[in-house]
Amino acid sequence: MILDYEEVNDLTRYKLMSDTVVPRPIAWIVTEDEGVINAAPFSYFVPLSSNPAVVIVSIGKKEDGGPKDTLFNILKHKKATICFVNKDNCEDAKNCAMPLEKDESEIEKYSIKTKKVLEDYPAMISSSQSALFCQFYSQVDIPGKTTPIILEIKKQYIEDNRLDEKSHVYVDNLGRNGAYFKAMVDL
Ligand SMILES: Cc1cc2nc3c(=O)[nH]c(=O)nc-3n(C[C@H](O)[C@H](O)[C@H](O)COP(=O)(O)O)c2cc1C
376 MILDYEEVND
386 LTRYKLMSDT
396 VVPRPIAWIV
406 TEDEGVINAA
416 PFSYFVPLSS
426 NPAVVIVSIG
436 KKEDGGPKDT
446 LFNILKHKKA
456 TICFVNKDNC
466 EDAKNCAMPL
476 EKDESEIEKY
486 SIKTKKVLED
496 YPAMISSSQS
506 ALFCQFYSQV
516 DIPGKTTPII
526 LEIKKQYIED
536 NRLDEKSHVY
546 VDNLGRNGAY
556 FKAMVDL
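Numbered according to our numbering, the sequence shown spans residues 376 to 562.
This is the structure we're talking about:
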């Protein structure tokens with residue numbers, strides 16, 4: 376069967392892509408604005424290059440057509456802390472996908488523990504095994520309702536004992552597979 380992407384609607388295209396391009400890493404992005412700590416998961420997320428160390432994340436719009444809080448905060452403050460989801464914090468990450476008012480914090484509403492590791496960057500989710508401290512790099516302009524943002528990784532947190540002497544990192548991140556979170560398996 377061949378599906379013509381021009382003949383399917385936006386929702387169907389989203390389902391086709393997100394069920395097929397799997398597993399996708401999940402960027403659980405923490406940002407801040409006016410003292411409110413915001414956290415939300417994004418899986419249209421991928422590394423682009425290691426030099427410069429950049430990742431891209433595509434952020435859609437809110438139902439009212441305005442920018443999601445994560446996008447607003449990144450464009451205003453130029454900083455984001457990307458955390459990763461594992462089986463212990465997966466429910467918290469799912470909760471963070473619920474739309475909240477701009478002045479309401481997912482971190483406070485769902486009592487998610489964070490730790491301030493670097494003064495100049497938003498706090499990280501305490502239960503994440505690794506976190507990327509990022510600075511806004513550029514915005515990619517495409518038509519439609521999605522804004523792809525390139526972020527440069529400036530620093531990385533790695534939990535003790537997860538980095539070996541050859542600079543390999545061992546984390547148990549979950550990925551996004553269609554509507555589900557899936558763990559990686561060794562083959
Ligand atoms: C696993 C997962 C992945 C998601 N990926 C994206 C994504 O790539 N882009 C997007 O715009 N929304 C994505 N969402 C939805 C956002 O998390 C949701 O719209 C959230 O409310 C945005 O919050 P904010 O307004 O605080 O930024 C995803 C949700 C889940 C559960």
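By construction, the Cβ of each residue, glycine as well, lies at the ideal position given by its N, Cα and C atoms.
query: Residue nearest to proline 422 in terms of C-alpha spacing, selected from Leu526, Asn448 and Gly519; result: Leu526
query: Contact between the stretch 456-476 and the stretch 405-418 (3+ Cβ pairs under 8 Å); result: yes
query: For alanine 506: DSSP bridge partner residues; result: Cys458 and Tyr532
query: 8 Å Cβ cutoff met for threonine 456 and phenylalanine 508; result: yes
query: Contact under 8 Å by Cβ, lysine 462 with leucine 549; result: yes
query: Segment contact flag, the stretch 484-504 with the stretch 432-441, C-beta cutoff 8 Å, min 3 pairs; result: no
query: Which of helix, strand or coil DSSP assigns to tyrosine 512; result: strand
query: The stretch 446-453 touching the stretch 393-410, judged by at least three CB pairs closer than 8 Å; result: yes
query: CA nearest to the CA of aspartate 516, picked from Leu386, Val460 and Ile431; result: Ile431
query: Environment of glutamine 504 [buried if 16+ CB atoms lie within 10 Å]; result: buried
query: CA-to-CA distance, arginine 551 to valine 397, given in whole angstroms; result: 7 Å
query: Coarse secondary structure for tyrosine 555, derived from DSSP in three states; result: strand
query: For methionine 499, the residue or residues it bridges with in DSSP; result: Lys490
query: Lysine 436 - partner residues in DSSP beta bridges; result: Pro442
query: Three-state secondary structure (DSSP) of serine 418; result: coil
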